[in-house]
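Student:
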């Protein structure tokens with residue numbers, strides 16, 4: 102239902118959609134307790150980076166119905182069309198919402214990332230698991246292999262700071278542009294599909310010593326590890342979702358529609374398409390099963406993926422270390438030198 106002509110409007114008038122589809126709204130609300138666990142905070146650049154007291158463990162996760170409606174705004178014509186369509190057909194409205202939900206937006210690569218492409222070997226491959234072509238980037242080395250998985254509306258080049266540091270330290274780098282992202286061909290995509298794809302890459306291109314993920318990429322990679330795609334270490338930066346259904350709920354809320362009704366319809370449509378209830382892919386369902394040594398890095402003032410996601414993951418996972426940053430928000434964190442050094446030291 103949603104045609105490509107909508108996308109320029111989303112780019113111009115709907116900038117908030119950068120994180121609205123999968124990021125930020127599937128978060129728990131958390132309350133800290135008293136028992137200790139490995140972790141620290143680091144602050145922004147310009148010599149304001151500093152270590153603080155360890156992040157505490159023992160808080161209790163409480164999921165609520167907080168949505169993105171107060172943080173993101175959609176173009177008026179998009180919400181008006183959805184509301185008008187809802188009077189005509191609930192089925193068509195659900196399909197329209199699903200189309201928007203699953204359509205990533207490609208953004209122009211900023212000059213600071215341009216050098217990334219000249220330093221990598223590039224290959225377009227046909228994936229077997231999802232039948233789509235994606236771009237794969239390589240910086241070959243003799244050291245341990247590390248895979249990079251970007252987030253929703255992201256691209257591999259966002260990791261330029263970290264990949265440069267790791268490659269000069271001898272690590273063998275592989276990164277991918279997910280379907281519809283970066284230099285991969287335009288395509289709709291979604292979480293079940295990306296879990297299949299990341300599982301395929303980890304299996305066919307591995308074994309990997311480490312997997313470094315940003316935002317939604319971390320959700321896909323954790324699901325892949327849960328399925329049996331192995332790696333020795335995980336790095337989760339600004340993880341974008343904890344529970345699935347609140348993500349749908351927050352998305353529907355943006356349109357001013359009957360939240361619970363269309364949330365249930367979207368979940369049902371996703372299950373009918375992929376044969377799995379999307380709620381089963383939520384990190385709340387299986388974080389405790391992940392035994393891989395994991396570094397969690399998250400910014401306290403991230404508005405797209407709130408810090409409670411990281412706190413909940415740290416609480417739930419058996420073998421994790423948590424570092425909270427200040428002043429780096431959701432994307433700037435990827436190009437921070439201290440964060441890159443932290444990833445290198447962990448791997």
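Numbering (our numbering), first residue to last: 102 to 448. Yeah, the Cβ is synthetic: ideal placement off N, Cα and C, and Gly gets one too.
Take residue 441 and list the residues in its own chain whose beta-carbon comes closer than 6 Å to its own, dropping the five residues that flank it on each side.
Tutor: Here residue 441 corresponds to residue number 340 of the chain shown, with the count starting at 1. If we look at residue 441 and ignore the five residues flanking it on each side, its Cβ neighbours are 262, 263, 266.
Student: Would you grab the beta carbon distance between residue 274 and residue 240 for me? Rounded to a whole angstrom, and I think it's under 8 Å.
Tutor: Here the question's residue 274 lines up with position 173 in the chain shown. Here the question's residue 240 lines up with position 139 in the chain shown. Residue 274 to residue 240, Cβ: 4 Å. Contact.
Student: Once the 5 residues before and after residue 436 are set aside, which same chain residues still bring their CB inside 6 Å of it?
Tutor: As a working note, residue 436 is residue 335 in the chain shown. Answer for residue 436: 262, listed in chain order.
Student: Whole angstroms are fine: how far does the CA of residue 177 sit from the CA of residue 184?
Tutor: Looking up residue 184 in the chain shown gives position 83. Looking up residue 177 in the chain shown gives position 76. Computed Cα separation, rounded: 11 Å.
Student: Might you give, ordered along the chain, the residues of its own chain that have their beta carbon closer than 8 Å to the beta carbon of residue 147, omitting 5 neighbours on each side?
Tutor: Against the chain shown, residue 147 aligns to sequence position 46. Any reading at residue 147 is ruled out, since the residue's pLDDT is 34, under 50, leaving its predicted position unreliable.
Student: Taking only the alpha-carbon atoms, compute the straight-line gap between residue 339 and residue 187 and give it to the nearest angstrom.
Tutor: Indexing the chain shown from 1 puts residue 339 at position 238. Indexing the chain shown from 1 puts residue 187 at position 86. Residue 339 and residue 187: Cα-Cα distance of roughly 35 Å.
Student: Using the C-alpha atoms, what's the distance from residue 189 back to residue 423?
Tutor: For the purposes of this step, residue 423 is identified with residue 322 of the chain shown, where counting begins at 1. For the purposes of this step, residue 189 is identified with residue 88 of the chain shown, where counting begins at 1. About 49 Å.
Student: Kindly identify the DSSP beta-bridge partner or partners of residue 223.
Tutor: Here residue 223 refers to the residue found at position 122 when the chain shown is read from its first residue. Note: residue 223 sits in a beta bridge opposite 238.
Student: Taking only three categories from DSSP, how would you classify residue 440?
Tutor: Translated into the one-based positions of the chain shown, residue 440 becomes position 339. Correct three-state label for residue 440: helix.
Student: Quick one: Cα of residue 446 to Cα of residue 411, how far?
Tutor: Translated into positions along the chain shown, residue 446 becomes position 345. Translated into positions along the chain shown, residue 411 becomes position 310. The straight-line gap from Cα to Cα measures roughly 20 Å.
Student: Going by C-alpha to C-alpha distance, which of 303, 203, 391 sits closest to residue 368?
Tutor: In the chain shown, residue 368 corresponds to position 267, counting from 1. The candidate whose alpha carbon is nearest that of residue 368 is 203.
Student: Would you decide whether residue 364 is buried or exposed? Buried here means 16 or more other CB atoms lie within 10 Å of its CB.
Tutor: One-based indexing of the chain shown puts residue 364 at position 263. Classification for residue 364: buried.
Student: Between the Cα of residue 331 and the Cα atoms of 300, 313, 345, 314, which residue gives the shortest distance?
Tutor: Translated into the one-based positions of the chain shown, residue 331 becomes position 230. Ranking 300, 313, 345, 314 by Cα distance to residue 331 puts 300 first.
Student: For residue 398, does the three-state DSSP call read helix, strand or coil?
Tutor: The count along the chain shown starts at 1 and reaches residue 398 at position 297. Residue 398: strand per DSSP, three-state reduction.
Student: Does residue 223 pass the burial test, meaning 16 or more other C-beta atoms within 10 Å, or should it be called exposed?
Tutor: Within the chain shown, residue 223 is the residue found at index 122, counting from 1. Counting Cβ neighbours within 10 Å, residue 223 comes out exposed, since fewer than 16 surround it.
Student: Going along the chain, which residues of its own chain have a beta-carbon closer than 7 Å to the beta-carbon of residue 271, five neighbours each way excluded?
Tutor: To locate residue 271, count along the chain shown from 1; it is residue 170. Correct list, in chain order: 242, 243, 244.
Student: Do you know offhand how far residue 443's Cα is from residue 373's?
Tutor: Numbered from its first residue, the chain shown carries residue 443 at position 342. Numbered from its first residue, the chain shown carries residue 373 at position 272. Rounded to the nearest angstrom, the two C-alpha atoms are 42 Å apart.
Student: Quick one: give me the first and last residue of the alpha helix (DSSP H) that residue 333 is part of.
Tutor: Locating residue 333 in the chain shown gives position 232, where the first residue counts as 1. Careful: residue 333 lies outside any alpha helix (DSSP H), inside the beta strand (DSSP E) at 332-338.
Student: Would you kindly check if the distance between the Cβ of residue 320 and the Cβ of residue 351 is under 8 Å?
Tutor: The residue given as residue 351 occupies position 250 in the chain shown. The residue given as residue 320 occupies position 219 in the chain shown. Going by C-beta atoms, residue 351 is not nearer than 8 Å to residue 320.
Student: Mind reading off the beta-carbon distance from residue 395 to residue 378? Whole number of angstroms is fine, and I expect it under 8 Å.
Tutor: Here residue 395 refers to the residue found at position 294 of the chain shown. Here residue 378 refers to the residue found at position 277 of the chain shown. At roughly 25 Å, the Cβ-Cβ gap does not stay under 8 Å, so residue 395 and residue 378 are not in contact.
Student: Which residues mark the beginning and the end of the beta strand (DSSP E) in which residue 273 is found?
Tutor: In the chain shown, residue 273 corresponds to position 172, counting from 1. Residues 273-278.
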